[in-house]
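One structure below.
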Amino acid sequence: GHLEVVRELLAQGADRDAAEDCGYTPLHFAAEHGHLEVVQELLREGANKDAVDHNGWTVLHVAAHGGHLEMVRELLRQGADKHVVDNRGYTPLHRAAKTGHLEVVRELLAQGADRDAAEDCGYTPLHFAAEHGHLEVVQELLREGANKDAVDHNGWTVLHVAAHGGHLEMVRELLRQGADKHVVDNRGYTPLHRAAKTGHLEVVR
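Here the sequence shown stands for residues 1 to 205, numbered as in full-length UniProt numbering.
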């Protein structure tokens with residue numbers, strides 16, 4: 001985060017898009033560690049805002065995953081691709097939902113990110129938020145019209161995921177929103193099967 005040193009190195013011709021062994025550029029590192037002014041300086045100097053590392057992560061993926069709201073806003077203002085997918089099919093919205101960064105989720109949705117994008121196994125942002133117990137993120141996605149009955153490649157709905165994880169308030173919220181409690185996955189399991197199998201008594205009740 002040493003802005004003046006970054007400026008001096010750039011002025012002396014340092015490669016603004018140099019990638020280290022895992023594909024991270026200086027912009028990736030600055031975004032990961034929340035150094036907004038460094039990101040702004042690199043962008044002013046023409047750094048590639050859509051550079052990808054070896055996992056397919058753009059700088060926006062990194063900023064969203066880390067919950068760096070102002071960084072996300074700056075990258076979106078600069079035209080970073082909000083629909084880009086990494087090597088597992090994750091968008092920046094998947095990353096923010098999985099890590100529970102509500103304000104970043106809101107910003108991405110406000111800027112038109114696909115609320116129902118499915119990664120390579122069929123998980124939507126709603127699946128990830130439910131799996132990791134991020135109730136407010138689930139509520140925000142539902143308010144914005146995310147499909148509460150979306151299914152992954154195993155036939156799991158968001159309710160299956162929440163029941164399996166024992167997230168009682170999440171289950172209640174999904175049921176209030178009209179999620180199908182009788183739906184079966186590819187093995188014929190209902191959400192109740194999942195809760196019973198994993199021993200979550202309060203969810204079963």
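All C-beta atoms in this analysis are idealised placements derived from N, C-alpha and C, irrespective of residue type, glycine included.
Nearest to H65 by alpha-carbon distance, out of P92, K82 and A14, is P92. Following the DSSP letters along the chain, one finds G66 inside the alpha helix (DSSP H) bounded by residues V59 to G66. Residue environment for V38: buried (at least 16 other C-beta atoms within 10 angstroms of its C-beta). Membership of E136 in the alpha helix (DSSP H) is indicated by the continuous run L135 to R143. Listed in chain order, the non-local C-beta contacts of G79 below 8 angstroms within the same chain comprise K49, local neighbours out to five positions each way being set aside.
Taking C-alpha positions only, N154 is separated from V62 by approximately 28 angstroms. With a contact defined as Cβ atoms closer than 8 angstroms, E173 and V138 qualify at about 6 angstroms. K148 sits in coil when the DSSP states are folded into three classes, being neither helix nor strand. Nearest to Y24 by C-alpha distance, out of A146, V59 and L36, is V59. Here K82 carries a coil assignment [DSSP, helix/strand/coil]. Spanning the alpha carbons of N186 and H160 requires a straight line of approximately 12 angstroms. The shortest C-alpha to C-alpha distance from R73 to any of K148, L9 and L36 is the one to L36.
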